[in-house]
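Since the structure comes first, as structure tokens, the remarks are kept for the end.
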Amino acid sequence: MSHDAQAGRVLLVGAGPGPVDLMTVRAVRAVESAQALLYDALISDDAIALAPPGCVRIQTGKRAGRLSMHQDEINRLMLRLARKGLRVVRLKGGDPSIFGRVGEESAFLQGHGVPVEVVPGVTAACAAAAQFGFPLTHRGEARRVVFTTARLEAGALAGDWSAASDPEATMAIYMGGEVAGALSERMIAAGRSPDTPAVAVEQAGGVEARLYPCTLGTLAAALGETRGGPVLIVIGEVAAQARSAGDVLEELSRAVG
Ligand SMILES: C[S@@+](CC[C@H](N)C(=O)[O-])C[C@H]1O[C@@H](n2cnc3c(N)ncnc32)[C@H](O)[C@@H]1O
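So, in structure tokens, the structure goes:
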């Protein structure tokens with residue numbers, strides 16, 4: 000491993016939703032040339048295996064019973080490794096700019112004079128839509144996509160949910176599985192019909208992916224069926240177009256004869 004104190008840099012890389020064939024070529028090349036690899040909880044073993052022998056591999060997210068590292072610990076670790084002259088790859092699930100703390104990490108590293116490069120990835124919403132045959136926007140039906148997250152603060156859903164009342168907005172909700180009941184109540188209170196089509200997609204992108212079709216009103220019950228994997232919720236008219244993976248494959252085989 001060659002170290003060059005001048006050349007240390009950090010690449011904040013999106014690994015996509017799981018399978019390595021949903022990584023970009025640039026992301027694969029970044030991991031293949033990493034001298035230090037810091038990876039999050041949802042990163043697949045196949046993606047980690049792309050790192051070359053001799054690359055320092057450090058898990059930063061909760062995985063196999065281990066605890067997550069604190070953000071400031073991760074920041075300091077990236078800085079220390081880059082200052083040793085290493086090419087550091089911070090591999091994150093999906094796209095680093097969507098709930099991936101890319102802004103905080105870039106600001107910290109650049110503030111310490113470390114060059115940063117961001118490599119985009121396929122975010123969970125795009126992977127879910129592609130896999131289950133629905134669009135995120137649709138002419139005349141869905142003119143906007145809102146990428147949002149849902150969390151409780153003092154028992155109530157935090158943040159401004161007025162955008163949720165817009166019937167032409169597709170809501171792509173990250174980290175919302177555990178607050179589905181509060182989420183659906185708040186959106187209905189904001190004026191969205193309880194009959195609005197919705198889906199929950201668990202482990203989007205891979206062979207284990209599961210689709211839970213429902214409506215805004217039945218969202219909490221649908222979430223009760225999930226198996227503990229990462230879940231993305233999509234609410235909006237476009238969700239009515241979602242089809243199971245089996246249906247998508249059947250259509251495909253019919254189309255090719
Ligand atoms: C911290 S956020 C990271 C999002 C990621 N940067 C992205 O662009 O997909 C983690 C949340 O993203 C969603 N998520 C990530 N990967 C997923 C997947 N493969 N299937 C479904 N949801 C996923 C889940 O809501 C999960 O709780």
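If you use numbering that gives the first Met the number 0, the sequence shown corresponds to residues 0 to 256, in order.
Ideal Cβ positions, reconstructed from N, Cα and C, are used throughout, including at glycine.
task = With hydrogens ignored, establish whether the beta-carbon of Q123 is closer than 8 Å to any heavy atom of ligand 1.
result = If you number the sequence shown from 1, residue 123 lands on position 124. In the sequence as displayed, the identity of residue 123 is Ala instead of Gln. Because some heavy atom of ligand 1 lies under 8 Å away, the Cβ of A123 counts as near it: yes.
inquiry  = By DSSP's criteria, I97 is part of a beta bridge. Which residues make up the other side?
reply    = To locate residue 97, count along the sequence shown from 1; it is residue 98. BP columns for I97 are empty, so no partner.
query = In or out: V30 buried (at least 16 other Cβ within 10 Å) or exposed?
reply = Along the sequence shown, one-based indexing puts residue 30 at 31. It counts as buried.
inquiry  = Among the candidates T23, D71, S67, L66, whose CA atom is the shortest distance from the CA of L49?
reply    = Here the question's residue 49 lines up with position 50 in the sequence shown. Nearest option by C-alpha distance: T23.
task = Would you tell me roughly how many angstroms separate the C-alpha atoms of V19 and D45, rounded to the nearest one?
result = Your numbering for residue 19 matches position 20 in the sequence shown. Your numbering for residue 45 matches position 46 in the sequence shown. Distance between the alpha carbons of V19 and D45: 7 Å.
ask   = What is the residue span of the beta strand (DSSP E) that V144 lies within?
value = If you number the sequence shown from 1, residue 144 lands on position 145. V144 -> beta strand (DSSP E) spans 143-148.
query = Grouping DSSP H, G and I as helix and E and B as strand, with all else coil, what is A6?
reply = Against the sequence shown, residue 6 aligns to sequence position 7. If DSSP states are grouped into helix, strand and coil, A6 belongs with coil.
query = Taking the alpha helix (DSSP H) that M186 falls in, what are its first and last residues?
reply = Indexing the sequence shown from 1 puts residue 186 at position 187. Counting along the chain, the alpha helix (DSSP H) containing M186 begins and ends at 179-188.
inquiry  = Comparing C-alpha positions only, which one of G112, L215, I232 sits nearest to G84?
reply    = Taking the sequence shown and counting its residues from 1, one reaches residue 84 at position 85. Comparing Cα-Cα distances from G84 to each of G112, L215, I232, the minimum goes to G112.
query = So, using beta-carbon positions, are G228 and E207 closer together than 9 Å?
reply = Taking the sequence shown and counting its residues from 1, the one referred to as residue 228 is at position 229. Taking the sequence shown and counting its residues from 1, the one referred to as residue 207 is at position 208. Yes; because the gap between Cβ atoms is below 9 Å, this pair is in contact.
ask   = Is there at least one non-hydrogen atom of ligand 1 closer than 8 Å to the beta-carbon of G158?
value = Taking the sequence shown and counting its residues from 1, the one referred to as residue 158 is at position 159. For ligand 1, not one heavy atom lies less than 8 Å from the Cβ of G158.
ask   = What separation, rounded to the nearest whole angstrom, lies between the Cα atoms of L215 and L21?
value = In the sequence shown, the residue the question calls residue 215 occupies position 216. In the sequence shown, the residue the question calls residue 21 occupies position 22. Between L215 and L21, the C-alpha separation is close to 29 Å.
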